[in-house]
Amino acid sequence: MAEILTYPDTTLLQISGYVRHFDDPGLKELVDRMIATAKEHNLKALSAIQIGVARRVIVFEKDGEYIPLVNPTIFAHSGEPFISSESDESLPGATIDVKRFPKIKIMYQDMEGNDRFMELDGEDAVLMQRKIDMIFGGMLFDKLNKKELKKFFKEYGFVDACPTYFVKDRILAALRFFLVLHAVALVIALFSDLTRFVIEHGGALFALETAWLLFYAAYARYETKKYKNCTSCQNANIIGTVGLYFVPIALFWLVSSFL
């Protein structure tokens, strides 16, 4: 038997690794621990990450027997999505409304590595969707929008566990606003001398905006390291964002050069 982790333990936010070696004795030991833990806590299903092991394994009770599901994924779903009010042992005391599918078909591998399928509906389908979310580092609160998430963290005292907004986002928002002003000024400059300085100082503005973007990249990198276990940070694509914003910066400089 093992202890069930609860948020804000950031282990729960890790993305679990794919199981490749089915002859590893550690796999059977893990499944045995998971089943013992599920029985002890009277749980119908349990993800390996809930006991601190980042491997894609779920044990699920069906017809009185716990079945190990290795590398499970949702293969298909059907029915009209509905709102499910859910709670979880790894997020005690919280109930969150989540949109789920009423019927799913999952694909998984058994303990010998053979591909299997399982069809679930009703509460079993909802439960399985939640447990599969967890092996990818997903918690119930990840389904909330930014405003709901901020309120949730405040109500449950999780404000310091993982921030709901980041300074890097504000830096980027300020740059975005400045670029909009720059674009408007370039358009107006075609018809008026009032903003000619925008054209005349195109090089200086290019340097300023590029420096701003580099500052964003440096600070975003810092926050990614600081909150490395937050899913919102793990999904940050800093290089892609820098490239996306550098395109209009360079374009504005070229336009200024040819006007």
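Note that this note's numbering has the sequence shown beginning at 29, numbered continuously upward.
C-beta: ideal position from N, C-alpha, C; glycine also.
Cβ-Cβ distance between residue i and residue j below 8 Å
{"i": "I102", "j": "M162", "result": "no"}
{"i": "R158", "j": "E117", "result": "no"}
{"i": "Y136", "j": "N173", "result": "no"}
{"i": "V126", "j": "K171", "result": "yes"}
{"i": "A217", "j": "L168", "result": "no"}
{"i": "L177", "j": "Y244", "result": "no"}
{"i": "Y273", "j": "L203", "result": "yes"}
{"i": "L155", "j": "G80", "result": "no"}
{"i": "E251", "j": "K196", "result": "yes"}
{"i": "F50", "j": "M146", "result": "no"}
{"i": "F280", "j": "H210", "result": "yes"}
{"i": "A30", "j": "T65", "result": "yes"}
{"i": "L58", "j": "R83", "result": "yes"}
{"i": "K90", "j": "S106", "result": "no"}
{"i": "G165", "j": "I43", "result": "yes"}
{"i": "I63", "j": "S75", "result": "no"}
{"i": "L148", "j": "I160", "result": "no"}
{"i": "L214", "j": "V275", "result": "no"}
{"i": "L55", "j": "V47", "result": "yes"}
{"i": "V270", "j": "L236", "result": "no"}
{"i": "Y35", "j": "L119", "result": "yes"}
Limits of the unbroken alpha helix (DSSP H) element including residue i
{"i": "F180", "result": "K174 to E183"}
Cβ neighbour criterion (16 or more within 10 Å) applied to residue i
{"i": "S260", "result": "In this prediction, S260 has a pLDDT of 49, which is less than 50 and means its spatial position is unreliable; what the coordinates show is noted afterwards. Counting Cβ neighbours within 10 Å, S260 comes out buried, since at least 16 surround it."}
{"i": "F181", "result": "buried"}
{"i": "G45", "result": "exposed"}
{"i": "I111", "result": "exposed"}
{"i": "V208", "result": "exposed"}
{"i": "N263", "result": "Bear in mind that the predicted position of N263 carries a pLDDT of just 47, short of 50, making it too unreliable to give a figure here."}
{"i": "A239", "result": "exposed"}
{"i": "R128", "result": "buried"}
{"i": "A278", "result": "exposed"}
{"i": "S285", "result": "exposed"}
{"i": "P53", "result": "exposed"}
{"i": "F219", "result": "exposed"}
{"i": "P96", "result": "buried"}
{"i": "F194", "result": "buried"}
{"i": "A73", "result": "buried"}
{"i": "F205", "result": "exposed"}
{"i": "A232", "result": "exposed"}
Residue(s) in a DSSP beta bridge with residue i
{"i": "D116", "result": "L119"}
{"i": "E108", "result": "DSSP output for E108 lists no bridge partner at all."}
{"i": "T101", "result": "M135"}
{"i": "V126", "result": "S112"}
{"i": "R204", "result": "None; R204 has no bridge partner."}
{"i": "Y94", "result": "E89"}
{"i": "G45", "result": "R83"}
{"i": "D143", "result": "Q137"}
Run of the beta strand (DSSP E) containing residue i, from where it starts to where it stops
{"i": "M156", "result": "Not the beta strand (DSSP E): M156 falls in the alpha helix (DSSP H), residues G150 to I163."}
{"i": "F219", "result": "From DSSP, F219 is part of no beta strand (DSSP E); its letter is neither H nor E."}
{"i": "A66", "result": "That residue, A66, is in no beta strand (DSSP E); its alpha helix (DSSP H) goes P53 to E68."}
{"i": "I86", "result": "V85 to K90"}
{"i": "Y136", "result": "K131 to Q137"}
{"i": "L74", "result": "A73 to S75"}
heavy atom of the ligand FMN below 7 Å from residue i C-beta
{"i": "I63", "result": "This structure lacks the ligand FMN, and indeed carries no ligand of any kind."}
Test: residue i CB closer than 8 Å to a CB of chain B
{"i": "E89", "result": "The question asks about chain B, but that chain is absent: this structure has only one protein chain."}
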